[in-house]
Amino acid sequence: MRSRRWSWLAWIVWVTACSCSGSRGETSAKSQPSPQPIDWEAELRLPAAEDLASDPHVFETQLTASVVSLEILQGLPTEVYAYNGSVPGPEIRVAKGNRVVVHFTNDLPEPTTIHWHGVRVPNDVDGVPGVSQPEVQPGETYTYDFIAPDAGTFWYHPHVRSAEQVGAGLYGSFIVTDPNEPSDLGDELSLVLSDIALEEDGQLDTSLLGGATELLFGREGNVLLVNGKVDPKLIALGGRRQRWRVINAARTRYYQLAIAGHDFLRFGGDGGMIEEPVRQDTIVLAPSERAEVIFTPSAAPGATLPVRWVPYDRGFGSTIRDEVEVMRIELADQAPFVDAPLPPLRRTIEPIDVASAREVLLELTQNNLEDGTFALGINGIPSWEAPPLHADLGETQVWTFKNTIDFAHPMHLHGFFFQVLSMDGVPPAVREWKDTVDVHVDGETKIAVHFDERPGMWMLHCHILDHAESGMMTMVHVGDGDPGAGAPKH
Ligand SMILES: [Cu+2]
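Quick note on numbering: the sequence shown equals residues 369 to 858 in our numbering.
Put into structure tokens, the structure is as follows:
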């Protein structure tokens, strides 16, 4: 039913939008209240990390990982791992160039660390245990202190028993804003996508009944979550654009999101804005990838738009599933908003010069072991036996990931952005900075990476976390070393 208040508001919004459309672009979005209904995103709102610093250029906060009981399924408590008591953890939001200081306390019954996924941090705060820092033991604290150099949508998660700890709820969004980006891209929403494996009684399912096969497929949770909620509702004003920052924080699940009758204008990826926006029918994110999209709901007032997870072919058996509604958008019962034109969203990204790059072939492999289990690896070598790859400081390399097994692998490099040169022989439609790229079944993905700074040991691994723990992981040593000790020769 249409309330009198909504009709009145709608009229004001309509008149304001129509009469000012010529000049809206000149006004900062930050100074204007959102035309969305009050509490439009209440069910999706993430807790915000508290800034304890008085210096506006420093963001200082406290994160504690602990075991808490949350009601994920209605009426059923679930014991999860959480940062500051919530899943996802609090959203950390800083401006580009700010210093970030995170005082971390581990109240879990096991060691952990925090990795700042996609953020070009100094090597010693990268969160890789035994390499960049010792594990943070139960009861201990550790301080992460770094500058956030790039604007974009990032996230944080542990790097100890990652499949288990991320699967138990340890992940959160890390947003770096750019004061110089065009204003009024839309009302902003962070959407942290994940899933969780729950028993019927609501308890976390940590069993491994499928054994090796289950690890090879990767453990997907049976309950899909957006910002920690099952099928949350967004109440949105038709015609008013929204700017979504979408993060795939699931340990295995690929996301393909679709909304009937709608498309998305993707303008950002792993490493901030892409060269120019691309219209897409769906948002596809392999584990750990991010997308920034403009979405404008267009349907009758009061209508509901389901946001569906659509199976994505990532290998054997992955598409034999039903679609799942992950959230729903209920259109406000008021006349549609007439939005100002979208400002241009372009960024110049120079291609990495690969003229004298060293070529490195990285085959993604599976070794079947005598006891019926398997080891995944890179070039046939599982992580526990792998010598590090090597890059000289200042060197550019072209990596070819060649998939030799029946599942796709989203390969993630710590510490450096790269550019995709081709996937299965096809160059990407637009240039962008990435830290994770999918390698299709029987596929070949070529990337260029320039190791320009921050020498040290950096990790390279599949972000299907069960695959990483099964051996598809290695280190890249960046810096001056034995000039003969390059990447493995083929
Ligand atoms: Cu993999």
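All C-beta atoms in this analysis are idealised placements derived from N, C-alpha and C, irrespective of residue type, glycine included.
| field | Buried versus exposed, by CB contacts within 10 Å (16 or more), residue 846 | value | The residue in question, residue 846, is buried, as its Cβ has 16 or more Cβ neighbours within 10 Å.
| Who are the Cβ neighbours of residue 818 in its own chain at under 7 Å, not counting the five residues just before and after it? | Closer than 7 Å at Cβ, skipping near neighbours: 720, 764.
| query | How far does the beta strand (DSSP E) with residue 758 in it reach, from first residue to last? | reply | That run of the beta strand (DSSP E) goes 757-759.
| task | Just mark residue 795 as buried or exposed, buried being the case when its beta carbon has 16 or more other beta carbons within 10 Å. | result | Burial call: exposed.
| task | For the region 738-754 and the region 796-807, state whether three or more C-beta atom pairs, one from each stretch, are separated by less than 8 Å. | result | Counting Cβ pairs under 8 Å, fewer than three are found: no touch.
| Bridge partners of residue 575, per DSSP? | According to DSSP, which records beta bridges pairwise, residue 575 is partnered with nothing at all.
| task | Please go through the same chain and pick out, in chain order, the residues whose beta-carbon is closer than 6 Å to the beta-carbon of residue 441, but skip the five residues on each side of it. | result | Closer than 6 Å at Cβ, skipping near neighbours: 570.
| field | Inter-residue spacing [alpha-carbon to alpha-carbon] between residue 729 and residue 838 | value | Cα to Cα, the separation comes out at about 20 Å.
| request: Determine whether the Cβ of residue 726 lies closer than 7 Å to any Cβ atom of chain D. | output: The structure shown contains no chain D; it holds only a single protein chain.
| message | Looking at the strands, I want to know which residues DSSP matches up with residue 752. | response | DSSP lists no partner for residue 752.
| said: Quick check on the DSSP output: the beta strand (DSSP E) that includes residue 686 runs from which residue to which? | reply: Note, residue 686: premise wrong, no beta strand (DSSP E); not H, not E.
| said: Taking 7 Å as the limit between beta carbons, can you name the residues of its chain near residue 681, skipping five residues before and five after? | reply: Apart from the 5 residues on each side of it in sequence, residue 681 sits with its Cβ closer than 7 Å to the Cβ of 687 in its chain, given in chain order.
| Got a sec: does ligand 1 put a non-hydrogen atom nearer than 6 Å to the Cβ of residue 840? | Within the cutoff, so yes.
| said: Once DSSP output is grouped into helix, strand and coil, what is the label at residue 491? | reply: Looking at residue 491 - three-state DSSP - the assignment turns out to be helix.
| query | Between residue 556 and residue 611, is the Cβ-Cβ spacing less than 7 Å? | reply | Less than 7 Å divides the Cβ of residue 556 from the Cβ of residue 611.
| message | Any heavy atom of ligand 1 inside 6 Å of the beta-carbon of residue 777? | response | Result yes, Cβ under 6 Å from ligand 1.
| query | What distance in whole Å lies between the Cβ atoms of residue 471 and residue 497, which are believed to be in contact at a cut-off of 8 Å? | reply | Beta-carbon to beta-carbon, residue 497 and residue 471 are separated by about 19 Å, too far to satisfy the 8 Å threshold.
| C-alpha distance - residue 614 paired with residue 649, whole-angstrom precision | One C-alpha to the other measures close to 15 Å.
| query | What do you get for residue 408, buried or exposed, if any count of 16 or more other CB atoms within 10 angstroms of its CB means buried? | reply | By the neighbour-count rule (16 or more Cβ atoms within 10 Å), residue 408 is buried.
| query | Considering only C-alpha positions, which residue in the set 699, 430, 454 is nearest to residue 439? | reply | Closest option to residue 439, Cα to Cα, is 454.
| What are the partner residues of residue 840, as DSSP defines its beta bridges? | Per DSSP, residue 840 has no beta bridge partner at all.
| task | Classify residue 475 as helix, strand or coil using the three-state DSSP reduction. | result | Of the three classes helix, strand and coil, the one that applies to residue 475 here is strand, per DSSP.
| So, do the region 457-471 and the region 427-438 have three or more beta carbon pairs nearer to each other than 8 Å? | Touching, yes.
| message | Taking 8 Å as the cut-off, does the region 497-514 touch the region 532-541 (at least 3 CB pairs, one atom from each stretch)? | response | The region 497-514 and the region 532-541 do not touch, with fewer than three beta-carbon pairs separated by less than 8 Å.
| field | Under 7 Å between C-beta atoms of residue 780 and residue 804 | value | Contact flag set, yes.
| request: Going by CA-CA distance only, name the one from 753, 655, 693 that's closest to residue 777. | output: Minimum Cα distance to residue 777 is reached at 655.
| said: Counting C-beta neighbours from all protein chains within 10 Å, is the total for residue 697 16 or more, i.e. buried, or is it exposed? | reply: It is buried - the Cβ of residue 697 has at least 16 other Cβ atoms within 10 Å.
| field | Whole-angstrom C-beta distance between residue 843 and residue 756, which should lie under 8 Å | value | At roughly 4 Å, the Cβ-Cβ gap stays under 8 Å, so residue 756 and residue 843 are in contact.
| field | Stretch-stretch touch, CB-based, cutoff 8 Å, three pairs: the region 572-591 with the region 633-645 | value | Three or more Cβ pairs closer than 8 Å define a contact, and the region 572-591 falls short of that threshold against the region 633-645.
| query | Is residue 815 near ligand 1, in the sense that its beta carbon is under 6 Å from a heavy atom of that ligand? | reply | Ligand 1 never approaches residue 815 closely enough for any of its heavy atoms to be under 6 Å from the residue's Cβ.
| Under the rule that 16 or more other beta-carbon atoms within 10 Å means buried, what is residue 435, buried or exposed? | By the neighbour-count rule (16 or more Cβ atoms within 10 Å), residue 435 is not buried but exposed.
| Which same chain residues, not among the five before or five after residue 860, have their C-beta less than 7 Å away from its C-beta? | Outside the modelled stretch of the chain, which goes from 369 to 858, sits residue 860, for which no answer is possible.
| message | At a threshold of 6 Å, does residue 885 count as lining ligand 1 (C-beta to nearest heavy atom)? | response | Residue 885 lies beyond the stretch modelled for the chain, which goes from 369 to 858, so this question has no answer here.
| message | Considering only DSSP beta bridges, list what residue 543 is partnered with. | response | Paired residues: 461, 521.
| Simplified DSSP assignment, three categories, for residue 835 | Note: residue 835 maps to helix in three-state DSSP.
| task | Go ahead and pull the three-state DSSP assignment for residue 429. | result | Note: residue 429 maps to strand in three-state DSSP.
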